[in-house]
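When we follow our numbering, the leftmost residue of the sequence shown carries the number 1, and every step to the right adds one. Remarks on the structure that follows.
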Amino acid sequence: MKRFLGSNRLRTAIFISGTGSNFKNLVRFSLSKNAPIKINLVISNNSKAKGLVFAKQKKIKNKIYRFKNVNKDEKNILNILKKNNIKLICLAGFMKILSKNFIKKFQGKILNVHPSLLPKYKGLNTHKRVLSNNDKFSGCTIHFVNSKLDSGEIILQKKVKVKKNDTPKTLSKRILKQEHILYPKAIKKILVNL
Numbered sequence: 001m002k003r004f005l006g007s008n009r010l011r012t013a014i015f016i017s018g019t020g021s022n023f024k025n026l027v028r029f030s031l032s033k034n035a036p037i038k039i040n041l042v043i044s045n046n047s048k049a050k051g052l053v054f055a056k057q058k059k060i061k062n063k064i065y066r067f068k069n070v071n072k073d074e075k076n077i078l079n080i081l082k083k084n085n086i087k088l089i090c091l092a093g094f095m096k097i098l099s100k101n102f103i104k105k106f107q108g109k110i111l112n113v114h115p116s117l118l119p120k121y122k123g124l125n126t127h128k129r130v131l132s133n134n135d136k137f138s139g140c141t142i143h144f145v146n147s148k149l150d151s152g153e154i155i156l157q158k159k160v161k162v163k164k165n166d167t168p169k170t171l172s173k174r175i176l177k178q179e180h181i182l183y184p185k186a187i188k189k190i191l192v193n194l
């Protein structure tokens with residue numbers, strides 16, 4: 001197994017829009033002894049994202065882009081990623097769709113977490129759709145980002161049993177716990193075996 005120490009850790013940016021529980025989890029992971037990443041930058045489209053408070057507490061550089069002018073904001077983001085020598089992007093509840101041009105510049109270097117067993121239930125309101133269809137299982141997926149919504153190559157998935165009395169909220173909570181376990185495993189899977 002390849003060891004990542006100090007400056008050998010891959011410089012990583014996390015993109016968030018809200019609470020940032022996956023972001024916080026990735027920060028904790030990045031601080032562990034053999035973590036292959038170092039989180040150097042947080043990008044958000046929401047100035048009220050709770051994850052930004054955590055980023056400030058951990059002294060992680062953060063930038064806000066509201067995506068009112070997508071081309072301009074993406075160009076500025078690409079510049080700051082280059083300036084900070086970012087090699088990996090992890091989307092963690094980032095609620096904006098990146099352009100094909102942006103993705104092309106980081107092809108194979110953008111990961112996303114999605115709260116379903118892709119290719120099922122791409123997009124939003126996944127838990128509600130799972131319950132409406134009386135599915136017996138749901139879960140989460142870590143995948144590479146490509147130009148199609150939630151369609152990139154799957155890295156890892158985790159199945160979660162749907163309970164009889166589940167609501168979108170209870171199912172979401174159980175799946176989120178699995179996301180927190182799966183995201184670091186997926187990062188290790190793609191990076192440690194280089």
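Ideal Cβ positions, reconstructed from N, Cα and C, are used throughout, including at glycine. Just so you know, these numbers come straight off a predicted model, no measurement behind them.
Between residue 27 and residue 60, the gap from beta carbon to beta carbon is short of 9 Å. Contact between residue 86 and residue 13 is confirmed by a C-beta separation of about 5 Å, below the 8 Å threshold. Contact check between the region 47-57 and the region 114-126: fewer than three CB pairs, one atom from each, fall below 8 Å, which does not count as touching.
Ranked by Cα distance from residue 129, the options 39, 172, 72 are led by 172. In terms of CA proximity to residue 44, 68 leads the group 147, 68, 29, 146. Linking residue 37 to residue 150 through their CA atoms gives a straight-line distance of about 23 Å. An exposed status is given to residue 53, since fewer than 16 other beta-carbon atoms sit within 10 Å of its beta-carbon. Per the C-alpha coordinates, the member of 138, 72, 73 positioned closest to residue 178 is 138. Following the DSSP letters along the chain, one finds residue 190 inside the alpha helix (DSSP H) bounded by residues 168-191.
DSSP places residue 9 outside both helix and strand once states are collapsed to three, so it counts as coil. Taking C-beta separations shorter than 8 Å and ignoring five residues to either side along the sequence, the partners of residue 10 in its chain run 4, 36, 37, 38, 87, 88, 191, following chain order. Pairing residue 115 with residue 176 gives a Cβ-Cβ distance under 9 Å. Annotation: the continuous alpha helix (DSSP H) that includes residue 56 extends over 50-57. Annotation: residue 30 is outside any beta strand (DSSP E); the continuous alpha helix (DSSP H) that includes it extends over 21-30.
Residue environment for residue 167: exposed (fewer than 16 other C-beta atoms within 10 angstroms of its C-beta).
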